[in-house]
Amino acid sequence: MAKTDIGPPDYREMIPEVVKNNYGKWKYHEILKPGVMVHVGESGDELYTVRAGSPRLISIDLVRDICDIADKYCDGHLRFTSRYNIEMLTPKKDNVDDIISDLKQLGLPIGGIGNAISNVVHTQGWIHCHSSATDASGLVKAIMDELYDYFVGFKLESKLRIAVACCINMCGAVHCSDLAVVGIHTKPPKVDNSKMSAVCEIPSTIASCPTGAIRKTSDGKGVEVKEERCMYCGNCFTVCPAMPLADPDGDGVAIFVGGKVSNARKPPMFSRLAVPFLPNNPPRWPEVTDTLKKIIEVFISDSLKYERMGEWIERIGWEKFFKLTGIEFTEHHVDDFSTAVGTYRTTTQFKW
Amino acid sequence: MAGDTPLLDELEKGRWPSFVKEIKRAGERSPAAKDLLGLVEKSYKEKITHWKHGGIVGVTGYGGGVIGRYADVPEEFPNVEAFHTIRVNNPSGWFYTTDALRTICDLWEKHGSGLTNFHGSTGDIILLGTQTEHLQPLFNELTEAGFDLGGSGSVLRTPAGCVGPGRCEWACFDTLDFINDMTQSFQDELHRPRWPYKFKIKAAGCPNDCVAAIARADFTVIGTWRDSLRIDQDAVREYAEKGFDIKADVVDRCPGNALVYDEKAKRLELKPDDCLRCMHCMNKMTKAIRPGVDKGATILIGAKAPILKGAFLSWVLVPFMKIENPYTEVKDLLEKIWDWWDENGRNRERVAETISRLGLKDFLKAVDLEPIPQMVKHPRSNPFIFY
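If you want it as structure tokens, here you go:
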């Protein structure tokens, strides 16, 4: 009988000596160059971190390659970040450039620390997800090929966090990112009532709809969708396989901007709609990458030091954001969910 | 059948590391990885996913940790007819020895596609793609090697925390030990679904919140301090002498207007009562400013993604709690929250939505907390009071 309920390995067995010796007794840190920082303990010990970007979807071969580098320079220790970056950890300053060189030989970019674009938090997309409206890995690759210099350099005066979700379930902090790309459907589900009672619980399916657009058919054996109330969120499909809504022409992505999770200066903010729909255009989604590049360039040219995108927009006003970026403001931008009235501008304070 | 993949081949070009290269690398050894490539190429061509709803697969004794997945074109790609995913609970802080990682690699080479995510968004190691008959043997070998599965479904999902005292001078409590302890203490809740829906715990050592706990966790623990942050005036002088504009870049950006800077004396003082502990000054002057010494955490509740009633950020529940092993106060609060939510929550209703439906007032009574101003941005503006 297999062991169960043992939980993960104890992190205390995973941390390097220098972390053990200075655990909870760190004094300050400095960012030395892109992707490299040093933390100094109260003891005077130094811990150098070299951060490298990763595609998140990696073969065991790459994991083994990374382990080789960690064995060579880091006494067999390494870690990953909450945004999938790889971090080599060493107390030896002299190892840093060799670590960088070896990681680069694996094709991995060094960066993502400080005022940079870090790795893109993303989901499974067409690689593994049944409810995906787009592919996440492909979008990330396309986006980071275009924005590569922002990862490996310090071209920004603040952090910038990008996230990609393959559908509105948003498995990751997509709803609070400076730039968020969200897969969306724009066509209602195609109900297959011949399968319905075999694969779905009808009450759960009806309850799953945020707008109450689903009701039982008159014979009670299936459901029907009131299409004018459907906003294609796909939650019904999540609970009921007999209501697929993916459509090659209807599916695409929306771009949201201005979210943040940190409490620094301004409180956390949700991302807000910037572009309601761009078609899926694999493999490189040029419409998406062009739009993101444009927004970033405008942001850099107009924002103040340290301002996150959401803080910048709050300061200049949304009307200015749409003007400066040239993005069209449409009826889709106006909220009509339960949160709507709170978003209306109840003041004469606006810019022309 | 896998063959030409011109669309995906395009994504091998460019400077960012390529997931296509990784799938091909795994495909040299694994027919499943090879078929995955073909299947994804088909998706790129047709602009639609080719995965069916998951089935119910798992390992003996658990109700989760395995995500069933089946391709909808098995005749074309038989090696991904079944392509399930296993979530392996990561060590706190995502620290690894190469031995541990190599063990995972060896087991996965034996039992699956050789493709992984380091990591999934919740924080688990994702072993991407194996057949049903491999699930139990792989699990047996994983636990033998000291690993266990993460959570999936209506369970406590794998807790996650920041690097904390492992490296960060701002950690206000031991996020690594806390997350490890939560994970070990609540193994039953993690492996066996019994709640209305999922529940997530995340721990950030300070209000910078590098794990986005305030955006993603039902139960958010963010490190803080109750007394005054500490300022080293010698270090302040050093920053000033190096040309750092303390007034414009730090003092003027303080959301509480809590800092006063004497340009002549090069002296930075804090009015502690006005400090909002936002971390900006500390972020920019890490050698000169440190958290206070009376450390603990703020507990917030309710973050979630859009489905069903919209996305929520966590809101303040307990302004200050000491976070010290064995974390009795935290666990007591969690049990009260779970009891109330389990009793009152509907199917697939996150705790924030149950609170929203039944009222924060009633929730607070149920978890024995008094309402305080720190819980709200402002009081109600409507007079519809249930006296």
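Chains Z and P supply the protein sequences, listed in that same order.
In terms of the numbering used here, the first sequence opens at residue 10 and continues consecutively.
In terms of the numbering used here, the second sequence opens at residue 4 and continues consecutively.
Beta carbons: idealized from backbone N, C-alpha and C, even for Gly.
inquiry  = Do Z:H139 and P:K55 have their beta-carbon atoms positioned less than 8 Å apart in this structure?
reply    = yes
According to DSSP, what are the bridge partners of Z:N124? Its beta-bridge partners do not exist; DSSP assigns none.
Q: Out of Z:P100, Z:L115, Z:F89 and Z:K101, point me to the one whose CA is closest to P:T101's CA.
A: Ranked by how close their Cα comes to the Cα of P:T101, the residues Z:P100, Z:L115, Z:F89 and Z:K101 have Z:F89 in first place.
### Query
Secondary structure at Z:V270, three-state DSSP: helix, strand or coil?
In this structure, Z:V270 counts as coil in the three-state DSSP scheme.
Check: Helix, strand or coil for Z:K168 per DSSP?
Finding: coil
| query | DSSP beta-bridge partners for Z:I211? | reply | Beta-bridge pairing links Z:I211 to no other residue.
If you count every other CB in all the chains shown that lies within 10 Å of the CB of Z:Q6, and 16 or more means buried, which is it? Since the first and last residues shown for chain Z are 10 and 361, residue 6 of chain Z lies out of range.
* Asked: Taking the C-alpha atoms as reference points, what is the distance between Z:N289 and Z:N104?
  -> 44 Å
Interface partners of Z:A79 on chain P, CB under 7 Å = In chain order: T101.
**Study point:** Runs of beta strand (DSSP E) wholly within the region 154-216 of chain P (minimum 3 residues, chain order)
**Key:** 204-207
Using only the alpha-carbon positions, how far apart do P:K312 and P:H114 sit? 40 Å
Q. Would you say the beta carbon of P:R160 comes nearer than 7 Å to a heavy atom of the ligand ADP?
A. With respect to the ligand ADP, the structure shown offers nothing to examine, as it has no ligands at all.
> What are the complete alpha helix (DSSP H) segments, minimum 4 residues, inside the region 300-377 of chain P?
Replying inline: 331-347, 354-361 and 363-369
Can you check DSSP and say which residues form a bridge with Z:Y37? Z:V49
Measuring alpha carbon to alpha carbon, tell me which residue in Z:G147, Z:I223, Z:V248 and Z:A125 is nearest Z:E236. Checking every option, the nearest Cα to that of Z:E236 belongs to Z:I223.
- Closer than 8 Å to chain C by CB, Z:I15: In the structure shown, chain C does not exist; the protein chains are Z and P.
- Would you mind telling me which residues of chain P sit closer than 7 Å to Z:F346, beta carbon to beta carbon, in chain order? G313
Exercise. Can you check whether the CB of P:A215 is closer than 8 Å to the CB of Z:M179?
Worked result: no
According to DSSP, simplified to helix, strand and coil, what is P:H53?
coil
Using beta carbons (cut-off 8 Å, strictly below), is P:D177 in contact with chain Z?
yes
| message | Which complete alpha helix (DSSP H) runs does the region 216-301 of chain P hold, if anything under 4 residues is left out? | response | As far as the region 216-301 of chain P is concerned, its whole alpha helix (DSSP H) runs of at least 4 residues are 216-219, 236-244, 249-252 and 283-287.
Margin query: Let me confirm a value: P:L11 is counted as buried when at least 16 other C-beta atoms fall within 10 Å, else exposed. Which label applies?
Written below: buried
Is P:K27 closer than 8 Å to P:L42 when the C-beta atoms are compared?
Going by C-beta atoms, P:L42 is not nearer than 8 Å to P:K27.
Q) Counting only beta-carbon atoms, is P:Y390 nearer than 8 Å to chain Z? A) no
With H, G and I counted as helix, E and B as strand and the rest as coil, what does DSSP make of P:R90? strand
Exercise. Quick one, are the C-beta atoms of Z:Y82 and Z:T58 less than 8 Å apart?
Worked result: no
Practice item. Note down, one range per segment and in chain order, each alpha helix (DSSP H) of at least 4 residues found wholly within the region 280-321 of chain Z. Key: 295-311
Query raised in the report: Any contact of the region 47-64 of chain Z with the region 109-128 of chain Z, i.e. 3+ C-beta pairs under 8 Å?
Result: Contact between the region 47-64 of chain Z and the region 109-128 of chain Z is present: 3 or more CB-CB pairs across the two stretches fall below 8 Å.
**Request:** Quick one: list the residues of chain P neighbouring Z:S141, beta-carbon separation under 7 Å, in chain order.
**Result:** T52
task: Mark P:F387 as exposed unless 16 or more other C-beta atoms lie within 10 angstroms of its C-beta, in which case mark it buried.
output: Around the beta carbon of P:F387, fewer than 16 other beta carbons sit within 10 angstroms, so the residue counts as exposed.
Exercise. Could you work out which residue in Z:T214, Z:A151 and Z:G147 is closest to Z:T298 when comparing CA atoms only?
Key: Z:A151
Z:E233 - containing beta strand (DSSP E), residue span: V232 to V234
The beta strand (DSSP E) that contains Z:E55, what's its start and end?
E55 to A61
- Query: Based on Cα-Cα distance, which residue from Z:A11, Z:I322, Z:G44 and Z:I126 lies nearest to Z:I109?
  - Reply: Z:G44
### Message
8 Å is my cut-off, CB to CB: does Z:W35 come that close to chain P?
### Response
yes
8 Å Cβ cut-off: residues of chain Z touching P:M282:
Within chain Z, the residues near P:M282 are S271, N272 and A273.
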